[in-house]
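Notes for the one structure printed next.
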Amino acid sequence: MNAAGIGSPARRGTAGEQEERQLAWAYLSRVVLGPCPALTALIDSVGVREAARAVRERALPPVLRAATERRRELDTAARDLEVIRDTGGRLVTPDDPEWPAWRMLGLAQLTPGRDPDGAVPLVFWVRGGRDLGELTERAVAVVGARCSTGYGDRVTGEIAGELAARGWTVVSGAAFGVDGTAHRAALAVGGATIAVLACGADRPYPAQHDRLIARIADTGLVVSEYPPGTVARKHHFLARNRLIAALSDGVLVVEAGLRSGARNTVKWARRIGRPALAVPGSVDSAASAGCHRMIRDGEATLVTGPEEVLADIAPLHLPLTTGSAGADRLSATESQVLAALPATGGRWPHDIAAATGIAAAEVRAALVALDLAGAASRGEVGWYRLDRAAGRGG
């Protein structure tokens, strides 16, 4: 991992050193229980083993001492690693080749003071035999109401099932309603799916979905940033939503009430430059009121089927072949600008800047890069997206 927490070097050092690093990562994961920008910065500065030593000895600046004081003496790292291995899982850290490095770019660019819960996760506790990096190369998040209607279940099943059948990984939170239906639709067609939990990966939540989560682990992955045994808390779900967004190419909301947690996932998608999409429902349906509000307020793009979903998320895989050597993916800013461009009509840079919150100068630079990559072009009424790359993988 480099200073931004996004690198993915191969394992380094002897077996003993690797085990020490794993124990250090596991210990720190238990100490902070979730995102901690100050600890991430310390690890970037001194390394994970030295950071673990500093936490144990309280040799820390005040801000980090407060964040680690409560659990710093709770060293269950060896036991946690044994528990996750007994479930057929493992601890995935930034030291590992399967660490989803480019997926973490969006979180790494966030300002800690503005987004305290938006830090790159320290680790992923993972159940399942699939490679996390590979399984998230082409992925779409499907989220929505826990109390979904028959309409919502049908639309979720149709869209998620079709996307999974085309080789896209369906990412969701294993909750009741839309989440569970999306996972089941992917499994039904033999596709891949990832459940991101707000508790330990060894604890099925909700408990009634224990069989579903076990099936997901058998063919896909169950992922959490929380160590084994951790009980789900309210604030864990809000932090978990950023991972659902970050591990995907875009977020699709099928049904959502006005106060739905799905809107929080959309917020994270927009913050890290992922397209946000919403399916409309009846104007009389309270279950779709949140989707309608997001569409009306410009927070999400209206979609009605898998083709429209792919039209918005597939362009993010378009390689940059004309830039400098090694520039083989869109940056977070370029992805966000691309997601803000219409496929028909056009938008001018100042409109895009107002809609995305990106500085106008950065928008113009991103448009030039997208133009060179063949992802966007300028017409008489502004810039628009070119969808010739839709359906191509990354």
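Adding 588 to a residue's 1-based position in the sequence shown gives its number in our numbering. Heads up, the beta-carbon is just placed ideally off N, CA and C, and yes, glycines get one too.
With at least 16 other beta carbons inside 10 angstroms of its own, Arg830 counts as buried.
Its chain contains Glu686, Pro688 as the residues whose beta carbon lies nearer than 6 Å to that of Gly721, once the 5 sequence neighbours on both sides are disregarded; these appear in chain order. In the displayed model, Trp856 falls within a helix according to three-state DSSP.
Under a 10 Å Cβ-count criterion, Leu662 is classified as exposed, with fewer than 16 other Cβ atoms of the shown protein chains found around its own Cβ.
Bounds of the beta strand (DSSP E) holding Val811 are 809-812. Ser848 counts as buried, since no fewer than 16 other beta carbons sit within 10 angstroms of its beta carbon. Arg884 and Ala857 have their C-alpha atoms spaced approximately 17 Å apart.
Boundaries of the alpha helix (DSSP H) harbouring Trp613: 603-620, taken from the DSSP string. Taking a 10 Å sphere around the C-beta of Val969, we find fewer than 16 other C-beta atoms and assign the residue as exposed.
Under the three-pair Cβ rule at 8 Å, the stretch 752-763 counts as touching the stretch 800-818. The stretch 812-820 and the stretch 612-632 touch, with no fewer than 3 CB-CB distances between them shorter than 8 Å.
Val784 is positioned such that its CB atom lies closer than 9 Å to that of Arg828. Counted as a single uninterrupted DSSP element, the beta strand (DSSP E) harbouring Gly967 occupies residues 964-967. Separation of the CB atoms of Leu679 and Trp613 is rounded to 6 Å, and the pair is thereby assigned contact status at 8 Å. Looking at Gly740, Val777, Ala776, the one whose alpha-carbon comes closest to that of Phe764 is Gly740. Note that the C-beta distance between Ala864 and Glu887 is below 9 Å. Here Ser965 has Asp959, Trp971, Tyr972, Leu974 as same chain residues with Cβ atoms under 8 Å from its own Cβ, once five neighbours each way along the sequence are excluded. It is roughly 8 Å from the alpha-carbon of Arg772 to the alpha-carbon of Gly745. Counting only the Cα atoms, Ile801 lies some 14 Å from Gly717.
Leaving aside the five residues that flank Arg851 on each side, the residues in its chain whose CB is nearer than 7 Å to its CB run, in chain order, Ala844, Gly878, Met882. Counting along the chain, the unbroken beta strand (DSSP E) around Leu840 starts and ends at 839-841. Taken through DSSP and simplified to helix, strand or coil, Arg935 comes out as strand. For Arg660, the closest alpha carbon among the candidates Arg859, Val956, Ser617 is that of Ser617. Contact annotation, Leu835 with Thr724: C-beta distance approximately 5 Å; criterion of less than 8 Å satisfied. Ala786 and Pro894 have their C-alpha atoms some 28 Å from each other. For Ile782, the pairing in a beta bridge is given by DSSP as Val759, Leu809.
Leu751 is positioned such that its CB atom lies no closer than 9 Å to that of Leu846.
Judged by DSSP in its simplified three-state form, Ala961 adopts coil rather than helix or strand.
For Gly694, the uninterrupted alpha helix (DSSP H) segment begins and ends at 693-696.
In the displayed model, Leu648 falls within coil according to three-state DSSP, outside both helix and strand. A Cβ-Cβ separation of about 14 Å leaves Arg726 out of contact with Asp900 under the 8 Å criterion. For Leu698 and Ala640, the gap between their C-alpha atoms comes out near 24 Å. Within the same chain, and ignoring the five residues on either side of Ala941 in sequence, the residues whose Cβ sits closer than 6 Å to its Cβ are Ala948, Val951. Annotation for Gly721: the continuous alpha helix (DSSP H) segment containing it runs 720-723.
Residue state for Thr818 is assigned as coil, using DSSP reduced to three classes. If you ignore the 5 residues before and after Glu922, its C-beta comes within less than 7 Å of the C-beta of Ala954, Ala957, Leu958, all in its own chain and listed in chain order.
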